[in-house]
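To keep things clear, I will list the structure first and then write my remarks on it.
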Amino acid sequence: MATKAAVSVSVAASITAASSSSSKFVINTPHRFLCLKRLSSFSSFSASALAIKCTSISNCSPNKSARSMEGFTTRTRASAQPLENASELIASVETFIFDCDGVIWKGDKLIDGVPETLDMLRSKGKRLVFVTNNSTKSRKQYGKKFETLGLNVNEEEIFASSFAAAAYLKSINFPKDKKVYVIGEDGILKELELAGFQYLGGPEDGGKKIELKPGFLMEHDKDVGAVVVGFDRYFNYYKVQYGTLCIRENPGCLFIATNRDAVTHLTDAQEWAGGGSMVGAICGSTQREPLVVGKPSTFMMDYLANKFGILKSQICMVGDRLDTDILFGQNGGCKTLLVLSGVTSLSMLQSPSNSIQPDFYTNKISDFLSIKAATL
Amino acid sequence: MEQVSMEATNPNPSSMSGVAAASAAELLCCANARALLDSVDAFLFDCDGDKLIDGVPQTLDMLRSKGKKLVFVTNNSTKSRIQYANKFQSLGLSVNQDEIFSSSFAAAMYLKVNQFPPHKKVYVIGGEGIVQELQLAGFTALGGPEDAEKRAQWKSNCLFEHDKYVGAVVVGLDPDINYYKLQYATLCIRENPGCLFIATNRDSVGHMTDLQEWPGAGCMVAAVCGSTEQEPIVVGKPSTFMMDFLLQKFNVSTSRMCMVGDRLDTDILFGQNAGCKTLLVLSGVTTQSTLDDPSNSIKPDYYTNKVSDILSLLGE
Chain A
1 MATKAAVSVS VAASITAASS SSSKFVINTP HRFLCLKRLS SFSSFSASAL AIKCTSISNC
61 SPNKSARSME GFTTRTRASA QPLENASELI ASVETFIFDC DGVIWKGDKL IDGVPETLDM
121 LRSKGKRLVF VTNNSTKSRK QYGKKFETLG LNVNEEEIFA SSFAAAAYLK SINFPKDKKV
181 YVIGEDGILK ELELAGFQYL GGPEDGGKKI ELKPGFLMEH DKDVGAVVVG FDRYFNYYKV
241 QYGTLCIREN PGCLFIATNR DAVTHLTDAQ EWAGGGSMVG AICGSTQREP LVVGKPSTFM
301 MDYLANKFGI LKSQICMVGD RLDTDILFGQ NGGCKTLLVL SGVTSLSMLQ SPSNSIQPDF
361 YTNKISDFLS IKAATL
Chain B
1 MEQVSMEATN PNPSSMSGVA AASAAELLCC ANARALLDSV DAFLFDCDGD KLIDGVPQTL
61 DMLRSKGKKL VFVTNNSTKS RIQYANKFQS LGLSVNQDEI FSSSFAAAMY LKVNQFPPHK
121 KVYVIGGEGI VQELQLAGFT ALGGPEDAEK RAQWKSNCLF EHDKYVGAVV VGLDPDINYY
181 KLQYATLCIR ENPGCLFIAT NRDSVGHMTD LQEWPGAGCM VAAVCGSTEQ EPIVVGKPST
241 FMMDFLLQKF NVSTSRMCMV GDRLDTDILF GQNAGCKTLL VLSGVTTQST LDDPSNSIKP
301 DYYTNKVSDI LSLLGE
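Same order as they appear, the protein sequences are chains A and B.
So that you can map any letter, position 223 of the first sequence is 223 in my numbering, and since no number is skipped, the others follow by simple counting.
So that you can map any letter, position 254 of the second sequence is 254 in my numbering, and since no number is skipped, the others follow by simple counting.
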């Protein structure tokens with residue numbers, strides 16, 4: 001328990017230290033701000049910054065199986081157990097972190113039994129937090145989506161990767177006179193604006209064309225100190241070149257990724273190429289790895305643990321993806337519950353090629369209600 | 001179309017460690033130029049960059065007159081071989097399309113030597129060059145430049161369709177890259193059983209304009225890696241696919257080939273890894289001091305200022 005307390009304290013210290021550091025902005029070199037290999041399992045804090053270690057900077061393609069980081073003890077996990085005693089799980093944690101796509105909703109449709117389940121958990125005094133890698137909306141816009149679906153969720157309870165990018169820049173004291181170039185959608189722009197940062201790019205650069213002719217030179221703003229890359233349906237060569245020039249030519253320019261999900265469920269009917277694609281493109285042209293703020297990086301977990309003053313051991317992460325949600329929970333040291341209402345099926349969980357085992361699994365979150373009832 | 005059959009292998013080299021040269025690079029001179037010419041049956045010229053300049057046409061003619069086979073190698077997939085031949089002509093170089101090995105051609109040849117079924121289709125993220133080479137080789141190509149203006153729809157109950165007969169996705173440099181193409185390629189690779197993922201090359205940047213560098217095919221390829229979690233089969237440099245293909249075509253061993261280029265870590269290393277002789281020209285990105293620098297471990301067999309030195313040193 002002392003160790004857990006020490007971890008929380010050091011998180012608080014690291015975030016406070018970063019935000020109260022001297023006015024001179026020390027832009028870390030790319031080598032200091034290392035990368036996050038998509039399926040790496042790790043997290044460690046340095047007192048100076050929320051730096052995230054990684055194994056190697058090679059190509060951007062992630063392996064299919066999770067690997068343990070050097071210096072991080074590999075724990076052979078027992079196979080996931082079907083959730084049979086929901087009351088016990090509920091009683092053992094103080095906070096539930098829910099992923100959104102595939103857990104709360106699918107596309108724009110609410111999953112059965114969600115409102116009643118959330119109400120029940122709240123009535124038991126549980127804190128609810130919603131963490132999504134989807135960067136297309138700001139937390140305010142997500143708040144509206146929850147409201148439209150009839151869910152009682154506060155904006156302060158929502159942590160989208162768009163918010164995470166802005167929060168990260170805030171935590172390292174990114175100077176207000178520097179700019180951020182965005183390869184991504186409206187959510188990122190809104191969060192940057194709320195955090196008081198100047199930005200360039202975003203959807204409006206989606207209409208810009210270039211002509212590869214002799215004598216043509218693309219200019220870029222030398223004051224861009226960070227490039228944030230996320231899911232972008234308006235992705236084009238202009239943006240890739242702009243981001244590439246900033247990263248390669250502006251000294252100390254940061255390369256931040258909201259997330260690296262390969263595919264995402266934009267509509268409930270099928271998968272769509274995800275943020276991992278846009279991030280991959282920039283890795284390909286810059287030969288650099290990004291700092292990832294979304295799952296499975298523990299940045300958001302550390303942020304909210306610090307914000308709400310909660311211990312990781314008191315949290316249960318509920319999600320539908322093994323390589324983001326469950327790994328995120330495991331990296332953070334929480335309990336983990338996989339729901340089968342999203343992208344992962346039971347056979348995928350039980351496949352010999354899968355090495356990520358959550359503590360529990362169940363069909364959907366409303367099982368908390370039915371299983372609970374059954375045990376009465 | 002010539003029949004070239006060989007074992008279907010993944011030509012990606014697992015490491016790029018260079019073969020340590022026994023001695024330092026030799027400056028090309030009269031004596032060793034003659035020796036080089038006698039020991040080599042084919043010259044491979046890298047034509048990415050501006051090395052094919054003054055005096056080159058006469059040099060090429062001389063080499064041809066001595067019965068040497070010439071191959072012009074480029075990782076640029078935007079043009080087909082015929083289009084490259086035309087470009088060379090306009091620069092005053094007489095080059096036959098059969099002497100050109102572009103990565104667009106390489107992609108089509110890879111499918112051919114691996115017996116890609118004719119009833120299957122190929123989805124292209126890339127330019128007209130790839131589409132043309134695929135068609136010349138008898139394959140059905142989808143995508144390419146005509147998908148540049150396509151946009152995806154995001155409505156519920158609106159499905160993004162893709163052709164189930166696509167058996168390979170070829171990705172190369174594409175300045176018209178967009179979400180539609182990424183999504184199409186992603187669905188083919190993830191959902192069509194056995195669909196191949198082929199990259200023309202993975203160069204991160206290139207000099208698409210004279211004034212600055214621009215993202216290369218490596219960017220588009222990495223985008224597709226990011227959404228599919230798969231690694232591609234690379235057919236252009238530094239993959240050895242091209243070498244294997246040329247060996248078969250010319251029926252010569254690599255020790256009777258000479259790679260001529262201006263980059264140590266791609267051209268020269270590539271040639272060394274394949275067992276070719278190597279000649280570095282200093283008319284491109286590499287200078288004498290870079291070559292001589294103690295930190296450089298890649299030593300070509302020979303080096304000279306420019307390609308036309310081969311002609312002038314032989315006193316022809």
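All C-beta atoms in this analysis are idealised placements derived from N, C-alpha and C, irrespective of residue type, glycine included.
- Between the segment 73–83 of chain B and the segment 124–132 of chain B there are three or more C-beta pairs closer than 8 angstroms, enough to call the two in contact.
- For B:Thr-186, the enclosing alpha helix (DSSP H) covers residues 179–191.
- For A:Glu-271, the enclosing beta strand (DSSP E) covers residues 270–273.
- Judged by DSSP in its simplified three-state form, A:Thr-336 adopts strand.
- Taking all protein chains in view, the Cβ of A:His-265 is crowded by 16 or more other Cβ atoms within 10 Å, so the residue is classified as buried.
- In this structure B:Lys-121 is in contact with B:Gly-167, their Cβ atoms being roughly 7 angstroms apart against a cut-off of 8 angstroms.
- For A:Pro-290, the three-state secondary structure derived from DSSP is coil.
- Taken through DSSP and simplified to helix, strand or coil, B:Gln-230 comes out as coil.
- In the three-state scheme derived from DSSP, where H, G and I count as helix and E and B as strand, B:Ile-310 is classed as helix.
- Chain-ordered listing is empty here: chain B has no CB closer than 8 angstroms to the CB of A:Met-348, the nearest sitting near 14 angstroms.
- Three or more Cβ pairs closer than 8 angstroms define a contact, and the segment 220–231 of chain A meets that threshold against the segment 176–193 of chain A.
- In this structure, A:Asn-259 sits near A:Val-292, with a CB-CB distance shorter than 8 angstroms.
- Counting only the Cα atoms, B:Gly-236 lies some 11 angstroms from B:Thr-266.
- No Cβ-Cβ contact shorter than 8 angstroms links A:Lys-145 with A:Glu-155.
- For the set A:Ile-188, A:Leu-338, A:Gln-198, the Cα lying nearest the Cα of A:Ser-138 is the one of A:Ile-188.
- Using beta-carbon distances, B:Thr-266 does not count as an interface residue toward chain A, since no partner is under 8 angstroms.
- At a cut-off of 8 angstroms between beta-carbon atoms, B:Val-252 makes no contact with chain A.
- The way I'd put it, the segment 178–190 of chain B does touch the segment 145–155 of chain B; three or more beta-carbon pairs between them come closer than 8 angstroms.
- Assignment of beta-bridge partners to A:Asp-101 by DSSP yields A:Trp-105.
- Considering only B:Ala-217, B:Ala-223, B:Leu-173, B:Leu-159, the residue with the shortest C-alpha distance to B:Ala-185 is B:Ala-223.
- Taking the beta carbon of B:Gln-183 as reference, the chain A residues within 8 angstroms of it are Trp-272, Ala-273, listed in sequence order.
- From the listed residues A:Pro-175, A:Met-301, A:Gln-287, A:Ile-365, the smallest Cα separation to A:Cys-334 is found for A:Met-301.
- Contact between B:Asp-46 and B:Val-260 holds, since their C-beta atoms are separated by about 7 angstroms, short of 8 angstroms.
- Distance between B:Leu-211 and B:Gly-92, taken at the CA atoms: about 23 angstroms.
- For A:Ser-341, the number of other beta carbons within 10 angstroms of its own is at least 16, and it is reported as buried.
- For B:Phe-43, there are no neighbours in chain A by C-beta distance under 9 angstroms, as the nearest C-beta there is about 29 angstroms away.
- Among the CB atoms of chain A, one or more fall inside 8 angstroms of the CB of B:Leu-159.
- Under the DSSP assignment, B:Tyr-303 falls in the beta strand (DSSP E) whose first and last residues are 302–304.
- Any Cβ of chain B closer than 8 angstroms to the Cβ of A:Phe-216 would place that residue at the interface, and such an atom is present.
- For B:Cys-30, the number of other beta carbons within 10 angstroms of its own is below 16, and it is reported as exposed.
- Membership of B:Tyr-165 in any alpha helix (DSSP H) is not indicated, and neither H nor E is assigned to it by DSSP.
- Taking a C-beta distance under 8 angstroms as the contact criterion, A:Gly-102 and A:Val-343 qualify as a contact pair.
- Residue-level contact by beta carbon fails for B:Pro-238 and chain A, as no gap is shorter than 8 angstroms.
- With a threshold of 8 angstroms between beta carbons, B:Tyr-165 makes no contact with chain A.
- Look at A:Met-120: its C-beta is not under 8 angstroms from any C-beta on chain B.
- According to DSSP, B:Trp-214 shares a beta bridge with B:Gly-206.
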